[in-house]
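Undergrad:
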Ligand SMILES: *[C@@H]1O[C@H](CO)[C@@H](O)[C@H](O)[C@H]1NC(C)=O
Ligand SMILES: *[C@@H]1O[C@H](CO)[C@@H](O)[C@H](O)[C@H]1NC(C)=O
Ligand SMILES: *[C@@H]1O[C@H](CO)[C@@H](O)[C@H](O)[C@H]1NC(C)=O
Ligand SMILES: *[C@@H]1O[C@H](CO)[C@@H](O)[C@H](O)[C@H]1NC(C)=O
């Protein structure tokens, strides 16, 4: 009985691990974090899921990455930041660890007025990767990785726990 319970627990854990396929988004793709890029357009066909990352690449002496609320996002006001994500290297990551709206602007040198403002809504990830038409390579990779996690890892865990359990049983009986 206990053996079955352990195996069931291992399978549940493996399935939960399989759901995590966090993605790192390079903001602006090959235009990075710069003026004259429309980040509303950049974000509009994307889904941002819990535990994804935003990666900002920019000229560190000119711009930054400041999180503000919606009002200050609209008006490009960086004077009341919620968070300062800039670390000084011009390469910053924002870990999207809460399901909510994030409003990020560049508060320096008029960057925000030049279009350096990004609003994203972080969603709860869907329970499993869509099995239907996979167009995008990243999603296909995530699907393959999760396939590995869902089928290969549980089998290995089964075998390992089975072996461990048999050793314990043999030692005592
Ligand atoms: C970005 O594009 C959206 C959608 O086309 C548009 O509504 C918005 O005004 C544009 N923003 C800027 C700063 O040009
Ligand atoms: C954002 O913060 C400002 C103060 O900096 C406040 O006046 C405003 O109401 C806030 N907006 C939202 C949507 O919370
Ligand atoms: C944000 O933090 C960085 C690194 O600590 C610092 O250099 C920078 O001045 C800060 N920016 C603002 C606007 O607070
Ligand atoms: C999310 O990340 C922020 C900044 O790193 C941290 O302060 C906060 O505690 C985190 N929240 C959760 C729910 O993990």
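In mature numbering (1 follows the signal peptide of the UniProt record, and there is no 0), the protein residues as written are -22 to -1, 1 to 151. In this text, a Cβ means the ideal position worked out from N, Cα and C, and glycines have one as well.
#1: Considering only DSSP beta bridges, list what residue 65 is partnered with.
#2: Rounded to whole angstroms, what's the CA-CA distance from residue 81 to residue 4? Just pull it up for me.
#3: Using a Cβ-based criterion (distance less than 7 Å to any ligand heavy atom), does residue 12 qualify as near ligand 1?
#4: On the DSSP bridge list, what partners appear for residue 4?
#5: Using a Cβ-based criterion (distance less than 7 Å to any ligand heavy atom), does residue 76 qualify as near ligand 4?
#6: Check the C-beta distance from residue 101 over to residue 26 and give it rounded, since I have them as a contact under 8 Å.
#7: Could you tell me whether any non-hydrogen atom of ligand 4 is closer than 7 Å to the CB of residue 25?
#8: Could you check what DSSP says for residue 27 in three-state terms: helix, strand or coil?
#9: Short of 6 Å in beta carbon distance, which residues of its chain neighbour residue 2, apart from the five on each side in sequence? Order them along the chain.
#10: If you draw a straight line from the alpha carbon of residue 44 to that of residue 105, how long is it in whole angstroms?
#11: Pick out every residue whose C-beta is nearer than 7 Å to a heavy atom of ligand 1: which are they, in chain order?
#12: What is the DSSP secondary structure of residue 148, counted as helix, strand or coil?
#13: Measuring alpha carbon to alpha carbon, tell me which of 78, 88, 23, 38 ends up nearest residue 14.
#14: Can you name the start and end residues of the alpha helix (DSSP H) that residue 19 belongs to?
#15: Compare the beta carbon distance of residue 68 and residue 38 with 8 Å and say whether it is the shorter of the two.
#16: My assumption, with CB atoms under 8 Å, is that residue 51 sits in contact with residue 83. Please give the rounded CB distance.
#17: Taking 8 Å as the limit between beta carbons, can you name the residues of its chain near residue 91, skipping five residues before and five after?
TA: So, from the data block:
#1: DSSP, once it has assigned bridges, lists no residue as partnering residue 65.
#2: Distance between residue 81 and residue 4, taken at the CA atoms: about 16 Å.
#3: Incorrect: residue 12 has no Cβ contact closer than 7 Å to ligand 1.
#4: In the DSSP assignment, the residues bridged to residue 4 are 33.
#5: Result yes, Cβ under 7 Å from ligand 4.
#6: With a contact defined as Cβ atoms closer than 8 Å, residue 101 and residue 26 qualify at about 7 Å.
#7: False, no ligand heavy atom lies under 7 Å from that Cβ.
#8: Residue 27: strand per DSSP, three-state reduction.
#9: If we look at residue 2 and ignore the five residues flanking it on each side, its Cβ neighbours are 31, 33.
#10: Annotation: residue 44 to residue 105 spans about 32 Å, alpha carbon to alpha carbon.
#11: Going by the Cβ distance cut-off, the answer is 16, 18, 19, 93.
#12: Here the model assigns residue 148 a pLDDT of 42, short of 50, so the residue's position is not dependable and the matter cannot be decided.
#13: The shortest C-alpha separation from residue 14 is found at 88.
#14: Residues 17 to 22.
#15: Taking C-beta atoms as the reference points, residue 68 and residue 38 count as a pair closer than 8 Å.
#16: Between residue 51 and residue 83 the beta-carbon gap is near 6 Å, inside 8 Å, which marks them as a contact.
#17: So the list reads 54, once near-sequence residues are dropped.
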